[in-house]
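Enquirer:
Below is the structure:
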């Protein structure tokens, strides 16, 4: 089951790794040699080991963008993908009995569900996400990104794992970078960027098309048969990607990219398989290897 794989993967990949330091005590026959604390052993002249206890909970927070641009999709919307990703993480947290919270934002603060463990909380999250998906978004309104990060940093008392789920189209500038950086000083922050293939490559087959910018409300007439127009479209997407990656580097946070189903994919197939979970699993495995190398 996907959530079983995720629950183990994220648990082993982030700060704490499921255990916390308990004490240093004298070595006893049968103890793990690799647990010896060589500094204390050298200082006291007798072998000592570090002992650990299992952390009972890993705090997980989902910060999900529900703005107008997230309603775009060539087959399913980016918000559909965000909803399924958030649901998978919530289910994985439930299996580990970890508390998970939900925070929605668009042009202002949205639903806030304080972190709690259990199946009832997972159901609350699913209902809130579905309700947000069904609500109409206001076109032309500024994104509440920085304020949402600052509010989350204010209310979170305990360090945890924070997934920031957005298309990051309107996330630019030093203010956004600084907000991510500050949040990442206490929490493990993972930016989950959702991209629709049509945003990067304009198929010639579309011909004449009217494109609506959901954030500004402007309409643009495009001729997808023109090579120059298709190059301009791809270059604009590449520029957005470069700006996003620069923010991640400067803020010192990590990222995952999820892609919506292709525009030419069968609709029946797309709606049943919105999230390719492999990029998430690969990301968690890389994190786990780095955690092991630092241990």
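Numbering (UniProt numbering), first residue to last: 1 to 295. We treat Cβ as the ideally placed atom computed from N, Cα and C, and that holds for glycine.
Along the chain, where does the beta strand (DSSP E) that runs through residue 101 open and close?
Expert: 100 to 105 is the extent of the beta strand (DSSP E) around residue 101.
Enquirer: Using three-state DSSP, classify residue 188 as helix, strand or coil.
Expert: Residue 188 falls in the strand class under three-state DSSP.
Enquirer: Report yes or no: do the region 183 to 190 and the region 77 to 91 share at least 3 C-beta pairs separated by less than 8 Å?
Expert: Touching, no.
Enquirer: In chain order, what residues of the same chain lie with their CB nearer than 8 Å to the CB of residue 178, ignoring the 5 residues before and after it?
Expert: So the list reads 251, once near-sequence residues are dropped.
Enquirer: Pick out whichever of 282, 103, 246, 239 has its Cα sitting closest to the Cα of residue 258.
Expert: Ranking the options by Cα distance to residue 258, first place goes to 282.
Enquirer: Taking 7 Å as the cut-off, is the beta-carbon of residue 193 closer than that to any non-hydrogen atom of the ligand ATP?
Expert: In the structure shown, the ligand ATP is absent, as is every other ligand, since no ligand is present at all.
Enquirer: Mind checking residue 152: buried by the 16 CB within 10 Å criterion, or exposed?
Expert: With 16 or more other Cβ atoms within 10 Å, it is buried.
Enquirer: What's the call for residue 192, buried or exposed, on a 16-neighbour Cβ count within 10 Å?
Expert: Flag for residue 192 reads buried.
Enquirer: Indicate the three-state DSSP secondary structure (helix, strand or coil) for residue 209 in the structure shown.
Expert: Three-state result, residue 209: strand.
Enquirer: Looking only at its chain, what residues have a beta carbon closer than 6 Å to the beta carbon of residue 143, apart from the 5 residues adjacent to it on each side?
Expert: Excluding residues within five positions, the ones whose Cβ falls inside 6 Å are 67, 170.
Enquirer: Examine chain C for any beta-carbon lying closer than 8 Å to the beta-carbon of residue 261, and answer yes or no.
Expert: The displayed structure is made up of one protein chain only, and chain C is not part of it.
Enquirer: Comparing alpha-carbon positions, which option in 276, 288, 286 lies nearest residue 81?
Expert: Checking every option, the nearest Cα to that of residue 81 belongs to 276.
Enquirer: Are the beta-carbon atoms of residue 49 and residue 35 separated by less than 8 Å?
Expert: Taking 8 Å as the Cβ cut-off, residue 49 and residue 35 qualify as a contacting pair.
Enquirer: Roughly how many angstroms lie between the CA atoms of residue 117 and residue 235, to the nearest whole one?
Expert: If you take the alpha carbons of residue 117 and residue 235, they lie about 44 Å apart.
Enquirer: Would you report the Cα separation of residue 41 and residue 32, rounded to the nearest angstrom?
Expert: Computed Cα separation, rounded: 14 Å.
Enquirer: Is DSSP giving residue 256 helix, strand or coil here?
Expert: In the structure shown, residue 256 sits in a strand (DSSP, three-state: E or B).
Enquirer: Considering only residues of the region 57 to 139, which uninterrupted alpha helix (DSSP H) runs meet the minimum length of 4 residues and lie entirely inside it, listed in chain order?
Expert: Complete alpha helix (DSSP H) runs here, min 4: 78 to 95, 119 to 134.
Enquirer: When DSSP builds the beta bridges, which residues end up paired with residue 220?
Expert: Its beta-bridge partners are 211.
Enquirer: So, with DSSP's three-state summary, where would you put residue 158?
Expert: Residue state, collapsed to three classes: coil.
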